[in-house]
Structure formats: structure tokens, C-alpha cells
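In terms of the working numbering, the sequence shown opens at residue 12 and continues consecutively. Here is the structure we will look at, set down as C-alpha cells.
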Amino acid sequence: MSLRLRHLGYDVTVVDNNPKPGGRAQVYQLGEYKFDGGPTVITAPFLFDELFRLFGRKRSDYVEFLPVEPWYRFEFADGSKLDYGGQLEDTISEINRLSPGEGSGYQRLVAFSKNIFGVGFEKLADQPFHRFQTMIKQIPALLALKSYLSVYSLVGSFLKDDRLRRAFSIHPLLVGGNPLQTTSIYCLIHYLERKWGVWFPKGGTGALVKALEKLMVEVGVKLELNQQVNKVIVDGSKACGVRLESGEEKFADLLVFDADPPKVYRDLIDEKHRTKWSNAKLGRLSFSMGLFVWYFGTSRSYPNVEHHTIIMGEAFKELLKDIYDRKVLSDDLSLYLHRPAATDSSMAPKDKDAFYVLAPVPNKLAKIDWQEAGERIRLQVQNQLEKTLLPGLGNCLEVSHFVTPDDFEGKFNTLWGSGFSIAPLFRQSAWFRFHNRSEDLENLYFCGAGTHPGAGVPGVVSSAKVVEKLVPSSRPANESKFQEIFHSKSRTFSLATFLLPKERAEAIFRLYYVCRTLDDWADEGQGDKLKQAMVSWKNHQPHELLDHYRYLQARWGLASQHLTELMEAMIGEQDGVRIQTESELIKYCHGVAGTIGLMTCPIFGVTDANAMKHADDLGIAMQLTNICRDVHEDAKSDRIYLPAEFFENSPTVAVLLSENSQCLKQVSSVKSRLLSLANEHYASGERGIHFLPLRMRMVVRWAGRMYKEIGELINEDPVRYNQNRAVVSGSRKMRILLPCIFKAFVS
Ligand SMILES: Cc1cc2nc3c(=O)[nH]c(=O)nc-3n(C[C@H](O)[C@H](O)[C@H](O)COP(=O)(O)OP(=O)(O)OC[C@H]3O[C@@H](n4cnc5c(N)ncnc54)[C@H](O)[C@@H]3O)c2cc1C
12 MSLRLRHLGY DVTVVDNNPK PGGRAQVYQL GEYKFDGGPT VITAPFLFDE
62 LFRLFGRKRS DYVEFLPVEP WYRFEFADGS KLDYGGQLED TISEINRLSP
112 GEGSGYQRLV AFSKNIFGVG FEKLADQPFH RFQTMIKQIP ALLALKSYLS
162 VYSLVGSFLK DDRLRRAFSI HPLLVGGNPL QTTSIYCLIH YLERKWGVWF
212 PKGGTGALVK ALEKLMVEVG VKLELNQQVN KVIVDGSKAC GVRLESGEEK
262 FADLLVFDAD PPKVYRDLID EKHRTKWSNA KLGRLSFSMG LFVWYFGTSR
312 SYPNVEHHTI IMGEAFKELL KDIYDRKVLS DDLSLYLHRP AATDSSMAPK
362 DKDAFYVLAP VPNKLAKIDW QEAGERIRLQ VQNQLEKTLL PGLGNCLEVS
412 HFVTPDDFEG KFNTLWGSGF SIAPLFRQSA WFRFHNRSED LENLYFCGAG
462 THPGAGVPGV VSSAKVVEKL VPSSRPANES KFQEIFHSKS RTFSLATFLL
512 PKERAEAIFR LYYVCRTLDD WADEGQGDKL KQAMVSWKNH QPHELLDHYR
562 YLQARWGLAS QHLTELMEAM IGEQDGVRIQ TESELIKYCH GVAGTIGLMT
612 CPIFGVTDAN AMKHADDLGI AMQLTNICRD VHEDAKSDRI YLPAEFFENS
662 PTVAVLLSEN SQCLKQVSSV KSRLLSLANE HYASGERGIH FLPLRMRMVV
712 RWAGRMYKEI GELINEDPVR YNQNRAVVSG SRKMRILLPC IFKAFVS
């Protein structure tokens, strides 16, 4: 989260009670062995690529992701096995080997989870869910996807063999849920794996944490470790700082917790400040299970053990009831065994092996004395492994360390020592989960496992994306200033934006403010400011003006490349301009205007890649029109955009400023040529208008046609508009508007 806030231009300080960064992804070093403490299965790796890209970096320069194969091996109590992973066909043939004929059911399960993924991940995982309307709007899709079923029931409707049902129902356990109760929406994890595979960072998950830490330091995020936050300082209805255990107080414009939200609300914020999350309401929540994790190193290697092995006990449903309902320790545990050296040999000393084994257990709402039970369970697990996958384990143990729900409560501050915060039940998901923007206090935000979309590395990273969309701009809002500038300086578009929904119009005003300011610097000979902006942009440093663009990037997904191209083109025209060829001119027009068309696409809600060319062309067309309108003015600033190849002799400033009829004729004919080039681009722009939502179609078509009209005026009376700027009259604008309204409804 800190990186995303930094990207928005905030000064960020991370405060964490642990001695090392990484939270639940701590690394434990025991002698010559090192162990990843938590996450080991990396899915949706693109989320990290995206994070590094925000700062113009490549993730692969910081950490390498290795493919894991198979993704998991399932070991069943009857001695049978199933390797899951690879291509779809590999899994189908494994399933048919285990249970002949069931491969087709699996195929249907994958197809169904793809649909769930399309809604649950692609559409909703990084979208704020703080409005109830957002939830209501999703209800039909969620019902169609049978979200009222549990994961186990949904999987059971496709697969008959109980071993397969269990194996393909485990995904909720990866995010703390009971497969018998967790909404089938979580089947999306199944497709997440299928789509992007399962990965392991070279050097372990700790290497990923190190890579993120390096990036944080490089971009100026401050990290304060071993600092326990004991209180949220509240001023009226606003969270304004934190008090540390040491007594030190830290004040901030925004507080973002990725700590466990129920714990933060219950223990760090006085109840008098909480209307939504009262202690009574917090007491009614259902929590994820606890985790018993044993880390151990062996003096020998176990090369036949895969990277991720799920060892299923005899009774699946009974175990789940013990964990979630009866809240007792079972003597028939299901285990997850992690052997990272299977993928990366550096994860264990030579000829030795390093493991962790994880058993889901009841959280601390159960009356279990972990001081006593810990070693007992460790022995139980050791015996179970010794009898199955790790013969002779007891004799070759070199190092050993385990954690229990006591540690999750004490070390990671999770309420009831849960492994994954509140359980992923339907009634605790999306709008019903802890909101990413606090309902109780202003300036307080949450990301991480307890918030939308939920636990697990992809969920937690996505939750940071949601917060990024919710926090205010790092610069004073000033919406009215942007709007004023827009309406006073852009008369052509001014009327058009009245037709936009408020949020989009505000984004357009802000974008206009950024581009217009850059343009003013370019026009007013403030090239130094432009160049400085470019340096800050390329080095990802905060910048008063460009942080507004970063803010738009976070909210609307604008690309970095377009602003880079825009500034490059503007810097390129600082020391006079002599365009030689048509293609050079088109490249320039793309830089200064096509890019703006492209920037507006996400604000208008256009994501289809096919639409981009048309948006670019519309910008190019408008810029060509601008060039024809401003030949005189530009020439006075030593800028000649009319391509030299269109003249017999390269045009000079004197020729362009001349009133001589021969010169006028020549310039008018070049302008006319450029205006027909513009018309081809307007036509392409019009062809792309159907990609826009209905209301935007009218706005964009109107804006385009009004611009095109400037070209018509120039063509109609080239002498008059040689020195004078062609301006479309109000009545003409209205005349253009009517067919645009009509077309918007029929196209
Ligand atoms: C054993 C285990 C295995 C897992 N395996 C996987 C896996 O393979 N794949 C996967 O995708 N996910 C996995 N997960 C889930 C994933 O690790 C978590 O969902 C995710 O790391 C949670 O991130 P977070 O930022 O919400 O919380 P954390 O990582 O816990 O970070 C929160 C940090 O805030 C600190 N903090 C809390 N309160 C305070 C306070 N008052 N003052 C100061 N600091 C505080 C905490 O101590 C912690 O360091 C696993 C989890 C565990 C425990």
C-alpha cells in the first residue's frame, strides 16, 4: 500500500511492530536454514509487475519468479495421489487416471470458475465496495453464478469422487474459509491459478519482500520497524495520527492500516468514535481458522517430495467441523507441506532439506492452551509425516520451530489469533466486509486480509489498489479551480462537459489542468519547468503538477507512456520547430494531442484496445486543425509545423507571415492539404465513437465536429483566416449539436 500512496505523491511512513518487513511473509533464519514464514504460493504475478511498473521499474530486475510444477500434489488417505497443474489436459488426464470419466466434469468446473473469475476478480477485486448500490448491482450476476452455494457444493455439482471434491474445494482454506460454508465466489481462485499459473520467487517469498523493500527505499518510503501502534488519535470525526507503545505520537493526513481491522477498531479506537463497528457488532463476526505451522530442517534431502503437497486426512468434513464449529483439535489433521527446494535448490543447505508444514486448527475462540498443545501437535504432525512422506524424519531433524494461534495474536496482532482475519463468508464479503474507507472515521483507510477483496497475496495487493482509488489527491482538491480554468480556456469543449457525469467531468477538468499547464509552459518559453517536470516524472519523484496525473492514473488507469510522450513532444518544440515530412508531423500531433485522446479513454470508460487508434486519430485531427488555425501565431514564435515537403522550397517565417498573394496562395494550399489529412483522421475518430458509452458519444462527436468546423471555416475563407483565428460561433455550435444528439441514439 505504501508504494501506491507514494505513487500518488504522498510522503509515506510505514510503521510495523515486527523486526523485519513482510508481515505474515516474515523470514525465519534457524542456523543455516531459512524459512518463509507465510505465503509460498504466488498467483496472479502480474499484480507485482504492475506495482513495479508504477515506478517505471521492471519486477524481473528485482526478483525472479520461477514456475512451480505441479502446482500441488494431493496425497489422499487411501494412498492415492493426484498431481494438479500444467496444462488443462494434464489435469484432465490425472483426474481420469484417478477417477475414470471425471475429466469432463472438471472441464465444466473450470469453465464455470472462469465465469466467476470474470465477475469476482476481473470486475470487482480492485473496485471499492463502500456503496451498497455497488453490491445491489452485482446481486443478479452473483446469483447467476450460484454464489449462494458453498465452494464444496459447487465443486460437488461437477465432480462425484469425494477425493476430487475435497481436492478442488481446498481454495477457501488458502484464504481462511471453511469450504463447506465459503461462498462459491471463491472458486475464482481456481481459475486464477489456471490463468496465470503458480509461481515461487527465486530465493523464496522473502526475496519478494526484499524486492519490495528495495523499491520502497528507492522511492522514498520510510520504514519504521519494531514500533507498536497502541492508539489511533482522533480529532472530532477525523483520524489524525497514532500513538506508539513508546508514547511517541505521529500525525498524518491519512492513516492506512493493513493490520487486522477488527483488532484496530476494537483495541485502537475508543468505542465512542465508532457507530458502525461497535464492540457488539465486532463480537458477531466469524473469524478464519488458526494456523499451526512447523518449520524444520533435515540433515537429509527428500527429493521425491513435491514443492506443495496437500496431505488429506481421512475425514474431511469432520475435520472442518472440528476447526470451525466444535472448535477442538482433531487427531486426523489435513496438512500442507512446503518443500521449496523442489523448485529452488538454494532454499535448503546442500544435501539437506527445509520444510514447513501447516495444519489448519481452531482460532483462539477455542479454549486451547497452546503452551501445552503446541508441542503435542508438533509431535502428532511429525508422526503423520514420518509414516507417509518423510520416513526417518525424527532421526534427521536439525532445526525446528513452530508457531500457533498465540503467535498470530501476539506477533501479527490478529484478533483471536486467526490466520486470515474474518472468514470469507458471503455475509462478510464485498460490501459486508470491512470497508477500505472507514465508515466510522474520516482519513482512515484499510487494506489487507480483513478488507475487500480478502486474504491471500493477490487479494491483499488488490485491496491496496482499491484504497488507491479512494484516497483523496495528495494535492489540495481544488476541483472548482480546475473547472474554472477549463471553462475559461477551452470554450469549444466547455459546453460538451456539461453532458458528462460529475465524476468524469471532474477528471477531465483535472486532466485539462495538467495538460494545459504543461502547454502554457511550452508556449511561454518556460522550457526549464517542462524539463524539470520530465526529470521528476522519469525518476518518480513527487511533483506538484504531475501528482494530479498520478492521481488520475490511480483512479482511472491512465497510462504513464502517454504523459511521457506528451512532455517529450512539448520539450521537442522548445527551440523552434521545422517539420520536414508528413509522418514527422503526424508523430508530433500524436505526441501533443493523440496522447490526450488516449488519456481520456479510461476516463470515459473505454478499455477496448481497438478503440485506441480512433482516439489517437481524433486527437491528431484536432491538432492538425490547430496547426492550420495558428500558422501565423506559431511562425511568430519560430515554429513552422507545415511540412517542408509540401512546399517547393522549405517555408520560412517570412513566407508564412507575408501578405503577398503568392505566399498566401501557397500556404492556403498546404493548409487545405493538411485539413483533408485532418478530415481522414476525423473520419477514423468518428468510426471509433461507438466504443464510447452513449452519453459520451454525443460529447465526443460534438467536440470533434466543432473542431472540424474550424477547418471548414478556414477552407471557406483562407484569406480572412490567415491572420485571424477561426472561431465557431455559438449558433453554429448548436447547429452541430442537434445531429450529434440524434446520432447518439441511433448509432
Ligand atoms: C502460514 C501462511 C501461509 C500463507 N500462504 C499463502 C500463500 O501461499 N499464498 C497466498 O496468496 N497467501 C498466503 N497466505 C495469506 C497471506 O499471507 C496473507 O493474507 C497476507 O500476507 C496478509 O497481508 P496483510 O498485509 O493483510 O497482513 P500482514 O502481512 O499481517 O501485515 C500486517 C502487518 O502489520 C503489523 N501490525 C498489526 N498491528 C499492528 C500495530 N498495532 N502496530 C504495528 N504494526 C502492526 C503486523 O504485525 C504485520 O507485520 C498465507 C498466510 C499464512 C499465515
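From the three backbone atoms N, C-alpha and C, an ideal C-beta is built for every residue, glycine too. Predicted, not measured: the structure shown is a model, and the values here were computed from it.
Is residue i buried or exposed, if buried means 16 or more other CB atoms sit within 10 Å of its CB?
i: Thr592; result: exposed
i: Val26; result: buried
i: Lys283; result: exposed
i: Gln395; result: buried
i: His319; result: buried
i: Met745; result: exposed
i: Ser13; result: buried
i: Glu43; result: exposed
i: Gln40; result: exposed
i: Arg70; result: buried
i: Arg566; result: buried
i: Glu644; result: exposed
To which residues does DSSP link residue i through a beta bridge?
i: His349; result: His319 and Tyr367
i: Val651; result: Residue identity check: residue 651 is Ile in the sequence provided, not Val. According to DSSP, which records beta bridges pairwise, Ile651 is partnered with Arg589.
i: Trp305; result: Val368 and Phe413
i: Leu255; result: Val240
i: Asp530; result: Paired residues: none, contrary to the question.
i: Lys92; result: Glu86
i: Trp210; result: Ile53 and Pro78
i: Arg448; result: Tyr456
Alpha carbon to alpha carbon, how far is residue j from residue i? Give it in angstroms, no decimals.
i: Pro541; j: Arg527; result: The question names Pro, yet the displayed sequence has Leu at residue 541. Each residue's alpha carbon lies about 12 Å from the other.
i: Ile496; j: Ala518; result: 13 Å
i: Leu346; j: Asp89; result: 15 Å
i: Ser341; j: Phe437; result: 26 Å
i: Glu204; j: Asp264; result: 38 Å
i: Thr575; j: Ala737; result: 31 Å
i: Tyr202; j: Gly131; result: 11 Å
i: Gly699; j: Gly428; result: 54 Å
i: Ser547; j: Asp534; result: 20 Å
i: Leu773; j: Leu19; result: Here the chain has residues from 12 to 758 only, and residue 773 is not among them.
i: Tyr95; j: Cys198; result: 15 Å
i: Ile638; j: Gly587; result: 15 Å
i: Pro314; j: Ala353; result: 7 Å
i: Glu235; j: Asn29; result: 9 Å
i: Met545; j: Gly602; result: 14 Å
i: Leu408; j: Phe46; result: 15 Å
i: Asp278; j: Glu75; result: 39 Å
i: Gly538; j: Glu595; result: 21 Å
i: Ser440; j: Gly187; result: 13 Å
i: Asn660; j: Gly630; result: 29 Å
i: Phe419; j: Glu256; result: 19 Å
i: Tyr599; j: Leu170; result: 59 Å
i: Glu720; j: Lys249; result: 52 Å
i: Lys500; j: Thr636; result: 17 Å
i: Arg743; j: Gly605; result: 26 Å
i: Pro435; j: Pro32; result: 26 Å
i: Thr462; j: Lys92; result: 36 Å
Contact check, residue i vs residue j under 8 Å by CB: the rounded distance?
i: Val368; j: Val209; result: With a Cβ gap of about 19 Å, Val368 and Val209 do not count as contacting.
i: Phe211; j: Phe307; result: About 19 Å; that fails the 8 Å criterion.
i: Arg15; j: Ala632; result: About 36 Å separates the two Cβ atoms, so there is no contact after all.
i: Phe63; j: Leu219; result: That belief does not hold up - the Cβ atoms of Phe63 and Leu219 are roughly 11 Å apart, past 8 Å.
i: Val642; j: Phe702; result: With 8 Å as the limit, Val642 and Phe702 do not qualify as a contact, their Cβ atoms being about 33 Å apart.
i: Thr425; j: Asp271; result: 5 Å
i: Ser310; j: Phe431; result: Incorrect: roughly 34 Å between the Cβ atoms, too far for contact.
i: Asp137; j: Val477; result: 6 Å
i: Gly214; j: Asp72; result: Not confirmed; about 14 Å, so no contact.
i: Arg521; j: Phe493; result: 5 Å
i: Leu452; j: Val245; result: 6 Å
i: Gly34; j: Phe423; result: 7 Å
i: Val162; j: Pro139; result: No, Val162 and Pro139 are not in contact; Cβ-Cβ is about 25 Å, not under 8 Å.
Taking only beta-carbon atoms, is residue i less than 9 Å away from chain D?
i: Lys480; result: Looking at the structure shown, chain D is missing, and only one protein chain is on hand.
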